[in-house]
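All letters in the sequence shown, in the order written, are residues 1041 to 1673 by the working numbering.
The beta carbon of each residue, even a glycine, is placed where N, CA and C say it ideally should be.
Step one of this worksheet: look at the structure below.
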Amino acid sequence: FDGKLQVVVVTREHESERHPERRLLTISVVNRQGKNDGRVDELCFFQCGFKVSSDDKENWILPYPEVKRANRQPSDEEEVIRLLYRNRLTFGVGHGCSAEWIEGRPSLVSQIWTDCLPRYETPATSADLFTADGKPIRVSMRKLSGLDASDNGEEEIDLLVSSYSEWIRDLKDLDGRKDLDGSKVPVPEDLKETAKILIQKCELCRDRIQRGIDFLNKTTTVSETAREAFKLANKAMLIAQLRSSRDTRTPSWENGQLVYDKPIENPDPSAPHAWKGYWRAFQIAFLLMSIPGICMSDDDEKGMDEREIVDLIWFPTGGGKTEAYLGLTAFTIFFNRLSGRDPGGADVLMRYTLRLLTAQQFQRAAMLFCAMEHLRKQPEWHERLGNKPFRLGMWVGGDATPNKRASARSALSSLQRNPDSENPFVLLKCPWCGAKFGPGQGDAGAGGGRGRGRRSRQGQNVYGYKSLRRPGRPDTVAFRCDDHACEFGDHPVSPKDPLPIIIIDEDLYDETPNLIIGTVDKFAMLAWKPEARALFGIGSDGRHIGLPPSLIIQDDLHLISGPLGSMVGAYETVIEELCIQEIDGKIIRPKIVASTATISRAEDQVRALYARDDVMLFPPSGLEASDSFFARE
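Shown next, in the form of structure tokens:
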């Protein structure tokens, strides 16, 4: 362009032992026109770029040199990242742009070019596992729940643990372990100590899983109770998974009768299913390793130690983290009920950082609690599990759900008058049968009817949300399915219990649910709402009326950082104090479980939030970022 552009190349020596003649190049394209009468735009060049290439394989481009840190320790996170990503090489760094090259795992590249809008295709991650001979590794909820008379699922558990042990043994071959593509990937000499530390973490994880299995197989009273809770948790998760469906059953009126466009599906949990009713390997492994820390038998000191560990589920988005900690939630609640540890407050606190996430996970948990209630009512379990329903509660701000009964009744009246009114009731369909909840469109039902799915006196059908009269207590709004055939249906002759779901704050304080799902900011209300003490088993007189929550679950831990993290950390001190139990002179703190899809410096963050030093990332990484056994690219 007549000297308007200039290619500037700066070259400097950058020797190394492997490449003594290596040089580091910085290449730039410079606009040499300068400014002229303010015509800046006219003097600019757009969509510029350049490519550096070599046809000579002896002179291909080498990886960009690493920054050598002083005082490196094998356990440093930077060293772990160097090890895990040692085959993800960088060949150039952009200045005001991005550097691109052909993807893959070569140690040299022939071309590198600039790109002002870079892109990267994230490899798919699979949680499906197979043995060396190609046999799938999957664990049946049906078998573990005792519904298969010929198979209790032990062989599937043993296959999982033995395959994990074999995988760990392969890791120890630091000089010749084969990568997924079959090539040898030796660990560099300066990273071998780091590799040994990672292998030890994998062995610790395997040992904790085996400890959970051994604990369930003991003949002690606590272990027998844990086995029953384990079976019930598996059965509840199985029923919830079999009944999960995205389809909504739409109601309509025919000859004055309410009918639905689809029948209720009642799958038989004892019948095998092709793809539903199976744990992903990391989910059942996490549940097994967590059991001793939840049960804490008097003769199990390691269980007491594991209670102090903050277990952080680290798995890609969509990989099934929610099911992993919902399974642990079900086990904890069943175990507490069966062992007589009836909390005066909640069994489990589950926190999210965003209200939208809270609403999504609440609907998934609602299905599980319907399954738990279904099991409680069965004749073989009713005496052991008692008359008190299993309940799920949502504790968020008033913009998302009604905090007062009066607000709930007012919102219901608004929906009955105008279907376009704001709907604060969260559930849009029955979690058990899939029947539509909320205002109907263009319904032609009969008049009257106490709001049971028929057109109310205000003129609009509202399904699923019902005014509930309670003698001696204020009226409230509850969830009741309008399909009489549903187990949680609003039958006009023999009324059934409402769905075991509470979203109104005042009802939460009066009838504390077993699981409370809320946002971290809502817990600031502890300082302003004395009634909230009920969530921790504390009565109005300030005395404990039962045990406090024994399990705290925090989703998306990586989001609790910066100013929010500082504020949450201050409240965590109070929340833990409210959850502490003192049994026979022993101080027992709640078990803490967190989950995330992306995090760094997890130990520092957990220490700052919870003042706990023991953190276990699960699943622990192997020696390559692409393979942690439980998840593989």
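Sub-8 Å separation of Leu-1597 and Ser-1635 beta-carbons: Yes, they are a contact pair.
Check whether Ala-1266 and Ile-1331 have beta carbons under 8 Å apart: The answer is yes: Cβ separation under 8 Å.
Limits of the beta strand (DSSP E) - the one that Thr-1066 falls within: Start and end: 1063-1071.
Bridge partner(s) assigned by DSSP for Trp-1153: When DSSP reads this structure, Trp-1153 sits in a beta bridge with Lys-1091, Glu-1140.
Beta-carbon proximity check, Arg-1182 vs Pro-1312, cutoff 8 Å: Remark: C-beta atoms of Arg-1182 and Pro-1312 approach each other more closely than 8 Å.
Beta-carbon proximity list for Pro-1158, same chain, < 7 Å, skipping 5 on both sides: If we look at Pro-1158 and ignore the five residues flanking it on each side, its Cβ neighbours are Ser-1138, Glu-1140.
Proximity winner among Ala-1321, Leu-1278, Gln-1456, Asp-1523, relative to Leu-1415 (alpha-carbon distances): It is Leu-1278 whose Cα lies nearest to the Cα of Leu-1415.
Where Lys-1021 falls: helix, strand or coil (DSSP): The structure shown does not extend to residue 1021, since the chain is modelled only from 1041 through 1673, so no value can be given for it.
Proximity below 8 Å, CB of Thr-1362 to CB of Leu-1599: Taking 8 Å as the Cβ cut-off, Thr-1362 and Leu-1599 do not qualify as a contacting pair.
Which residues DSSP lists as bridging Gly-1252, in chain order: Note: Gly-1252 sits in no beta bridge, so no partner.
Limits of the beta strand (DSSP E) - the one that Ser-1635 falls within: Run containing Ser-1635: 1631-1636, per the beta strand (DSSP E) assignment.
Extent of the continuous alpha helix (DSSP H) run through Gln-1621: Where Gln-1621 is concerned, there is no enclosing alpha helix (DSSP H), although the beta strand (DSSP E) it sits in stretches over 1621-1623.
Three-state secondary structure assigned by DSSP to Asp-1287: Reduced to three states, the DSSP call for Asp-1287 is coil.
Burial state of Thr-1171 (16 or more Cβ within 10 Å): Under this definition Thr-1171 is an exposed residue.
Close-in-space but distant-in-sequence residues of the same chain around Arg-1641 (CB under 8 Å, 5 per side omitted): Result list for Arg-1641: Glu-1117, in chain order.
Ranges of the alpha helix (DSSP H) found wholly within the segment 1524-1561, counting only runs of at least 4: For the segment 1524-1561, whole alpha helix (DSSP H) runs of length 4 or above, ordered along the chain, are 1545-1550.
Simplified DSSP assignment, three categories, for Val-1201: DSSP places Val-1201 in helix when its eight states are reduced to three.
Segment contact, 8 Å Cβ cut-off, at least three pairs: the segment 1598-1617 with the segment 1398-1414: With fewer than three CB-CB distances shorter than 8 Å, the segment 1598-1617 does not count as touching the segment 1398-1414.
8 Å Cβ cutoff met for Gly-1385 and Phe-1576: Yes.
Limits of the unbroken beta strand (DSSP E) element including Gly-1333: In the DSSP assignment, Gly-1333 falls outside any beta strand (DSSP E) and lies within the alpha helix (DSSP H) extending over 1321-1335.
Candidates Arg-1510, Asp-1537, Pro-1514, Phe-1465, of which the one nearest Tyr-1503 by Cα: Residue Phe-1465 is the option with its Cα nearest to Tyr-1503.
Three-state secondary structure assigned by DSSP to Cys-1521: Look at Cys-1521 here: in three-state DSSP terms it is strand.
Contact between the segment 1182-1193 and the segment 1207-1214 (3+ Cβ pairs under 8 Å): Taking 8 Å as the limit for Cβ pairs, the verdict is that the segment 1207-1214 does not touch the segment 1182-1193.
Cβ-Cβ distance between Asp-1545 and Lys-1626 below 8 Å: Remark: C-beta atoms of Asp-1545 and Lys-1626 do not approach each other more closely than 8 Å.
Unbroken alpha helix (DSSP H) run spanning Val-1107, endpoints: Element bounds for Val-1107: n/a, residue is neither H nor E.
Touching by the beta-carbon criterion (3+ pairs, under 8 Å), the segment 1196-1205 and the segment 1240-1256: Taking a cut-off of 8 Å on C-beta distances, the segment 1196-1205 touches the segment 1240-1256, as three or more cross pairs fall below it.
Helix, strand or coil at Leu-1455 according to DSSP, with G and I counted as helix: If DSSP states are grouped into helix, strand and coil, Leu-1455 belongs with the helices.
Reduced DSSP secondary structure (H/G/I, E/B, other) of Arg-1509: Arg-1509 carries a strand assignment under DSSP once its states are collapsed to helix, strand and coil.
From Gly-1186, Asp-1439, Ser-1507, residue whose alpha carbon lies closest to that of Ala-1273: Closest by alpha carbon: Gly-1186.
Rounded Cβ spacing between Leu-1591 and Ile-1541 (contact assumed at less than 8 Å): About 20 Å separates the CB atoms of Leu-1591 and Ile-1541; that is not less than 8 Å, and the two are not in contact.
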